[in-house]
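J.: So the number in this note's numbering is just where the residue sits in the sequence shown, counting from 1, plus 613. Okay, handing you the structure first.
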Amino acid sequence: MFADIARSPVVPGANDNLSAVALLVALAERLRERPVKGVRVLLVSLGAEETLQGGIYGFLARHKPELDRDRTYFLNFDTIGSPELIMLEGEGPTVMEDYFYRPFRDLVIRAAERADAPLRRGIRSRNSTDAVLMSRAGYPTACFVSINRHKSVANYHLMSDTPENLCYETVSHAVTVAESVIRELAR
């Protein structure tokens, strides 16, 4: 069976993945207002994993030599505009892989608790995100997504994936957790 995806219109993509771009902008503003000493922060938008993760492949091919595995941590944000923010433990469409270095994910949870930002843990996904490639490269990795009450991504790949259907409170919580993690790493 074959399907012609060109026969369907392109979806607006507010949750997947404009929500993460909004996080990058908001986090940049917070870090500009209150800089963190002792930590180099790269805010990178990799495009869409729907393009077979070309953005993260390109980023790692170009920058991996300068990213020390002992001092580099990756926070990946994908579809963070549904009502509940979660941190994935791992992913895999066919073979489930936990992300590299669980102690980093423990640090992320502590940082979320310190910031009083809700973050659910203990979920794995059959979808694929850019985080799997960061993890396979040996970097401590945490991946944030969000879900609705059915444990699915709200409006995923639908024409209803528009800004008015985002849960902005969840995006804000994700920004708060990211900032808290950065400040924790600076300690």
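Think of the CB as a built atom: it goes at the ideal place given N, C-alpha and C, for glycine as much as any other residue.
1. If we count Cβ pairs, one from each stretch, closer than 8 Å, do we get three or more for the segment 765–773 versus the segment 700–718?
2. Compare the beta carbon distance of residue 748 and residue 712 with 7 Å and say whether it is the shorter of the two.
3. So residue 758 is in the beta strand (DSSP E); what residue range does that whole segment cover?
4. Pick helix, strand or coil for residue 687, following the three-state DSSP scheme.
5. Figure out for me which residue from 686, 750, 628, 672 has the closest Cα to the Cα of residue 782.
6. Return the first residue and the last residue of the alpha helix (DSSP H) that residue 751 is part of.
7. Among the residues of its own chain, which have a CB less than 8 Å from the CB of residue 699, if the five just before and after it don't count?
8. Can you name the start and end residues of the alpha helix (DSSP H) that residue 718 belongs to?
9. Going straight from the alpha carbon of residue 685 to that of residue 626, what length do you get?
10. Do you know whose CA, among 791, 666, 721, 780, lies nearest residue 697's CA?
T.: Taking the structure as given:
1. Touching, no, given that fewer than three Cβ pairs across the two stretches are closer than 8 Å.
2. As a first step, residue 748 must be located in the sequence shown, where it is residue number 135. As a first step, residue 712 must be located in the sequence shown, where it is residue number 99. Going by C-beta atoms, residue 748 is nearer than 7 Å to residue 712.
3. Along the sequence shown, read from residue 1 onward, the residue named residue 758 stands at position 145. Per DSSP, residue 758 belongs to the beta strand (DSSP E) from 754–760.
4. Here the question's residue 687 lines up with position 74 in the sequence shown. Reduced to three states, the DSSP call for residue 687 is strand.
5. On the sequence shown, residue 782 is found 169 positions in, with the first residue counted as 1. Out of 686, 750, 628, 672, 628 has the C-alpha closest to the C-alpha of residue 782.
6. Mapped onto the sequence shown, residue 751 falls at position 138. Taken as a continuous stretch (DSSP letters only), residue 751 belongs to no alpha helix (DSSP H), as it is neither H nor E.
7. To locate residue 699, count along the sequence shown from 1; it is residue 86. Correct list, in chain order: 732, 733, 734, 736, 757, 758, 759, 760.
8. The count along the sequence shown starts at 1 and reaches residue 718 at position 105. Here the alpha helix (DSSP H) through residue 718 covers 715–727.
9. Locating residue 685 in the sequence shown gives position 72, counting from the first residue. Locating residue 626 in the sequence shown gives position 13, counting from the first residue. Straight-line Cα distance between these residues: approximately 29 Å.
10. As a working mapping, residue 697 is identified with position 84 in the sequence shown. Nearest C-alpha to residue 697: 780.
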